[in-house]
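Q: Could you have a look at this structure, given as structure tokens, before my questions?
Residue numbers (our numbering), protein chains in the order written: chain B, 6 to 335; chain Y, 404 to 728; chain H, 14 to 324.
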């Protein structure tokens, strides 16, 4: 079974150098941020891969690379067996675009405040000529709104008349308009209250079951990830450090960073578990550590860790990028 | 045994916002106490009024918002009706504040040393050198490495987590008795959050300060607080010891809230969801504010607003609670 | 599983009168007075042929014996000529209205032209970024370093040199272009700033993911959201354009003398100031000030009304 999405050695580097004049006058070097530094994974049809990590780890950049908002610096994305960057012409690219859509984090900025909901949700339908005539458009938008738990009459309103959770549902309705197979969700519930989050997550799971959707779910909230995902990938400073099935990752986290993340989550059950003290902060991406990016904060780092970058490899049923794990030291 | 005088007592607090469409009641009869050295969590979703409660106590309500009724007592003395100068003296000296965004809590134009020393000398009668020594000690306590050198740096030279530590140091600088912390860790990464809440808890215990921790994150409440008040639509829905409110909630809203939080240790196919959303300030229902979304509402809930009632170890504002006992 | 829906959306007009902008207008005496004055001026100038008591440019109705009459309330005045007459016997009040017509017409036309050029270039600059953005911004910087009157004079002079027998419409065209060239930079910069902000918002990214072409995104998504500050600017610029036109006409290089604007009238009247016939120059001046002031005040109010932080 060919996985629906396959990503190989994906990388994106941003040039954050000072303007040319400043560089010449102040003799500053060019500066680059390797927001995504060689990431590889695959997602099977109908499944959910979650990407977790803290700010600056590159998970949002991966999301945008997948849907084409950024062009990769190197590496490839294959969708249903077809490479997305070598789509032979604009027409093919558009066909590909229809099959994958994105849901964004901020429910207030992801809908144009001056457009009616009818136009917002209907835009993909118009853009790809999927319906003919205003009445057909209205009917189809009404269906889409109902499928996310809103009323068809809501299409005549403006975004500011809705709450955050409702707006996020409108975003989902818009993303579903072209009947995509793959949805990239960039922190879709992070800006929502807990009870509203529950509503939106339930809808997303229902839709996945009904329509066989495949999700890439970006989040920093491990509890939410546990609820929605099948597989989890942990990112740190632009690299994948561990990829495992959900059950494996949560019951037996291998990578020291994964363990640190799981330990750091406030324990609502107050089970009184002991914790390893957490060290340090995420380093400056302009100046990443040599070798393994996590080594300055890692209690198990040795000389090899500070000089040689570990690559993601199969080990004990999961994929892991850690010398200490592979060498059997932990 | 006589009850000790609570450090902070809020009685029937009402905060309203006059708008051109009428007056909106943002806080409707809120009452709670904080004992000296205690950590009280104030939890609620957006629009529940938790930040407003903190702002009212510190005296930083943004006009046209104003306190429309009730009393706030600090160590038995009223502070809500004080003139500006006296309130300013109390703020900082007796009450310290920590806000959500470390970026805007610190003045970017002054070194952190300048800001710390200024705060210390405003409230305590010490010399410049003594204040500087205190400031360095505080920074060391909050875990900032090389405090003697870093005290002369500017806020932008610190990372987010470090800045929040400086903000905590600033809040503790004048040795206040109460710290009001409004979402102190929401803008920080998960791993830093854990460090900061542990720090806050430890430092406040060391300095003998009580904390009112306002947040929407139940996990943070579980880790840090002794007691918790759950707010809904400007009213207190439930209040009690943290363990009881989280594990044996009595109010249907608290029950729904606990059920909708995805758990780290168990699998559930669907999260419990409360249909609908918190009512807007101009559309608060009669009777119990939660009744339109409540699965166990009865006729009385629709007409009469419930007071906080005894529900074992907690108190909940719900008519169904006495029946269950 | 549908959630309680918000009440049905009212029509656009109902929404406007219910909105914050109208409320702010109703509660601001300055805005109301300014609006009334501006409305009266505009009304008189637009409908001058019907409202004015005389037609000062119809040679048949002018009588030299009526020349230099003072305003009606001064001794020697004639109630037929409320604000007096000039040295040719033309009624000042009527001349004011016709003059305001020219002034307003030129002012509005140049603002519209500035808007089109400025907003267009600003959008392009903000959206395209890179060297296009840098180039356009440098052009703006260069334009701003020239005093606007000099630019207008220069263009006007060049225009006259190219078309020495310019008949009136061409002269107007050159004048309008000259004035609009001094004003477009403001719009370009403001719109560029707003575009840079909006461009990174998620609704624009969502449109890109859907596959909408960049030009369409620029016009249909970004443009409606950046027009707010432009509206305020345009209102204030109308006053500036009218004043620029008045200055040019005063200097003699503005509108052709057969269609005198307020500036021309001020110039003509200037010669009579010291012989005691003050009304010939003062009243056009007062009218000019009234128009500019009321439009400026309206612009100020609009800026505050549209400022979301002050709402």
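Glycine included, every Cβ here is placed at the ideal spot set by N, Cα and C.
Spatial neighbours of residue 714(Y) within its chain, please: CB distance less than 6 Å, with the 5 preceding and 5 following residues excluded, ordered by chain position.
A: Locating residue 714(Y) in the second chain gives position 311, where the first residue counts as 1. Once the five neighbours on either side are set aside, the close Cβ partners of residue 714(Y) are 653 and 724.
Q: Please name the residue in 274(H), 71(H) and 241(H) whose C-alpha comes closest to that of residue 211(H).
A: Walking along the third chain from the start, residue 211(H) turns up at place 198. Of the listed residues, the one whose Cα sits closest to residue 211(H) is 241(H).
Q: With distances taken between CB atoms, is the gap from residue 608(Y) to residue 440(Y) smaller than 9 Å?
A: Within the second chain, the letter at position 205 stands for residue 608(Y). Within the second chain, the letter at position 37 stands for residue 440(Y). Yes; because the gap between Cβ atoms is below 9 Å, this pair is in contact.
Q: On the premise that residue 457(Y) lies in contact with residue 585(Y), defined as a C-beta separation below 8 Å, what is that separation, rounded to the nearest angstrom?
A: Working through the second chain from its first residue, we reach residue 585(Y) at position 182. Working through the second chain from its first residue, we reach residue 457(Y) at position 54. About 5 Å separates the two Cβ atoms, so the contact holds.
Q: For the beta strand (DSSP E) containing residue 426(Y), list its first residue and its last residue.
A: In the second chain, residue 426(Y) corresponds to position 23, counting from 1. Start and end: 425-437.
Q: Got a sec: is the Cβ-Cβ distance from residue 149(H) to anything in chain B below 9 Å?
A: As a working mapping, residue 149(H) is identified with position 136 in the third chain. Answer no: the Cβ-Cβ gap between residue 149(H) and chain B never drops below 9 Å.
Q: For residue 16(H), does the three-state DSSP call read helix, strand or coil?
A: Mapped onto the third chain, residue 16(H) falls at position 3. Model confidence at residue 16(H) stands at a pLDDT of 41, short of 50, so the residue's coordinates are unreliable and nothing is read from them.
Q: On the DSSP bridge list, what partners appear for residue 420(Y)?
A: As a first step, residue 420(Y) is located in the second chain; it is residue number 17 there, counting from the start. Answer is 427(Y), bridged to residue 420(Y).
Q: On the DSSP bridge assignment, give the partners of residue 224(B) in chain order.
A: The residue you call residue 224(B) lines up with position 219 of the first chain. For residue 224(B), which the question treats as bridged, DSSP gives the partners 57(B).
Q: Going by C-alpha to C-alpha distance, which of 139(H), 123(H), 134(H) and 264(H) sits closest to residue 252(H)?
A: Walking along the third chain from the start, residue 252(H) turns up at place 239. Answer by Cα proximity: 123(H).
Q: Helix, strand or coil: which one does DSSP assign to residue 111(H)?
A: Here residue 111(H) corresponds to residue number 98 of the third chain, with the count starting at 1. Looking at residue 111(H) - three-state DSSP - the assignment turns out to be helix.
Q: From 112(B), 238(B) and 267(B), pick the residue whose C-alpha is nearest to that of residue 201(B); which is it?
A: Along the first chain, read from residue 1 onward, the residue named residue 201(B) stands at position 196. The residue with the shortest Cα to Cα distance from residue 201(B) is 112(B).
Q: Below 8 Å on the Cβ atoms is my contact criterion, and I expect residue 65(H) with residue 107(H) to pass it. Report the Cβ-Cβ distance as a whole number of Å.
A: Counting from 1 along the third chain, the entry for residue 65(H) is found at position 52. Counting from 1 along the third chain, the entry for residue 107(H) is found at position 94. 4 Å between Cβ atoms; contact.
Q: Using only the alpha-carbon positions, how far apart do residue 411(Y) and residue 58(B) sit?
A: What you label residue 411(Y) is simply residue 8 of the second chain in a count that begins at 1. What you label residue 58(B) is simply residue 53 of the first chain in a count that begins at 1. Taking the straight line joining both Cα atoms gives about 40 Å.
Q: Per DSSP, what kind of secondary structure is residue 44(B) in: helix, strand or coil?
A: Your numbering for residue 44(B) matches position 39 in the first chain. Strand, per DSSP.
Q: Is there a Cβ from chain B that is less than 9 Å from the Cβ of residue 224(H)?
A: Along the third chain, read from residue 1 onward, the residue named residue 224(H) stands at position 211. Interface residue, yes.
Q: For residue 209(B) and chain H, any beta-carbon pair shorter than 9 Å?
A: Looking up residue 209(B) in the first chain gives position 204. No, residue 209(B) lies away from the interface with chain H (no Cβ there is under 9 Å from its Cβ).
Q: Can you confirm whether residue 204(B), when its beta carbon is compared against all beta carbons of chain Y, has any partner nearer than 9 Å?
A: On the first chain, position 199 is the one that residue 204(B) refers to. Closer than 9 Å to some Cβ of chain Y, the Cβ of residue 204(B) qualifies, so yes.
Q: Can you give me the Cβ contacts of residue 324(H) inside the same chain, cut-off strictly under 6 Å, excluding the 5 residues immediately before and after it?
A: Within the third chain, numbered from 1, the residue matching residue 324(H) stands at position 311. At residue 324(H), the pLDDT of 42 sits below 50, so the modelled position is not reliable; the number obtained from the coordinates is stated separately. Closer than 6 Å at Cβ, skipping near neighbours: 33.
Q: Taking residue 590(Y) as part of the beta strand (DSSP E), name the residues at either end of that continuous run.
A: Within the second chain, residue 590(Y) is the residue found at index 187, counting from 1. Where residue 590(Y) is concerned, there is no enclosing beta strand (DSSP E), given that its DSSP letter is neither H nor E.
Q: Does the beta-carbon distance from residue 663(Y) to residue 689(Y) come in below 9 Å?
A: Here residue 663(Y) is taken as the residue at index 260 of the second chain, counted from 1. Here residue 689(Y) is taken as the residue at index 286 of the second chain, counted from 1. Cβ distance not < 9 Å, so residue 663(Y) and residue 689(Y) don't count as in contact.
Q: Would you mind sorting residue 63(H) into buried or exposed? The rule is 16 or more other CB atoms within 10 Å of its CB.
A: Against the third chain, residue 63(H) aligns to sequence position 50. Classification of residue 63(H): exposed, given that the 10 Å Cβ count is below 16.
Q: Check the C-beta distance from residue 7(B) over to residue 105(B) and give it rounded, since I have them as a contact under 8 Å.
A: Along the first chain, read from residue 1 onward, the residue named residue 7(B) stands at position 2. Along the first chain, read from residue 1 onward, the residue named residue 105(B) stands at position 100. With a Cβ gap of about 16 Å, residue 7(B) and residue 105(B) do not count as contacting.
Q: Under the three-state reduction of DSSP, which class applies to residue 300(B): helix, strand or coil?
A: Here residue 300(B) is taken as the residue at index 295 of the first chain, counted from 1. Looking at residue 300(B) - three-state DSSP - the assignment turns out to be helix.
Q: With DSSP run on the structure shown, which of helix, strand or coil describes residue 78(B)?
A: Here residue 78(B) is taken as the residue at index 73 of the first chain, counted from 1. The answer is coil: DSSP assigns residue 78(B) none of H, G, I, E or B.
Q: Less than 9 Å between the C-beta atoms of residue 616(Y) and residue 418(Y), yes or no?
A: Within the second chain, numbered from 1, the residue matching residue 616(Y) stands at position 213. Within the second chain, numbered from 1, the residue matching residue 418(Y) stands at position 15. Going by C-beta atoms, residue 616(Y) is not nearer than 9 Å to residue 418(Y).
Q: By the 10 Å Cβ neighbour count, where 16 or more other Cβ atoms means buried, how is residue 487(Y) classified, buried or exposed?
A: Sequence index remark: in the second chain, residue 487(Y) carries index 84 (1-based). Exposed, by the Cβ-count rule.
Q: Helix, strand or coil: which one does DSSP assign to residue 729(Y)?
A: The displayed coordinates of chain Y run from 404 to 728. Any statement about residue 729(Y) would go beyond what the structure contains.
Q: For residue 676(Y), would you say it is in contact with chain B, using Cβ-to-Cβ distances shorter than 9 Å as the test?
A: Within the second chain, numbered from 1, the residue matching residue 676(Y) stands at position 273. Yes, its Cβ sits closer than 9 Å to a Cβ of chain B.
Q: Just how far apart, CA to CA, sit residue 579(Y) and residue 472(Y)?
A: Here residue 579(Y) refers to the residue found at position 176 of the second chain. Here residue 472(Y) refers to the residue found at position 69 of the second chain. Spanning the two alpha carbons is a distance of roughly 26 Å.
Q: Any beta carbon from chain H within less than 9 Å of residue 128(B)'s own beta carbon?
A: By one-based count along the first chain, residue 128(B) stands at place 123. Residue 128(B) counts as touching chain H.
Q: Verify whether the separation of the beta carbon atoms of residue 269(B) and residue 594(Y) is less than 9 Å.
A: In the first chain, the residue the question calls residue 269(B) occupies position 264. In the second chain, the residue the question calls residue 594(Y) occupies position 191. Contact flag set, yes.
Q: Helix, strand or coil, according to DSSP, for residue 681(Y) in the structure here?
A: Within the second chain, numbered from 1, the residue matching residue 681(Y) stands at position 278. It is coil, neither helix nor strand.
Q: Taking a cut of 8 Å between CB atoms, which residues from the stretch 90-123 of chain B lie near chain Y?
A: Hits within the stretch: zero.
Q: Should residue 251(B) and residue 230(B) be called a contact, given that it needs their Cβ atoms to be closer than 9 Å?
A: Against the first chain, residue 251(B) aligns to sequence position 246. Against the first chain, residue 230(B) aligns to sequence position 225. Yes, they are a contact pair.
Q: Do residue 424(Y) and residue 506(Y) have their C-beta atoms within less than 9 Å of each other?
A: Position 21 of the second chain holds residue 424(Y). Position 103 of the second chain holds residue 506(Y). Their beta carbons are not under 9 Å apart, which means residue 424(Y) does not touch residue 506(Y) by this criterion.
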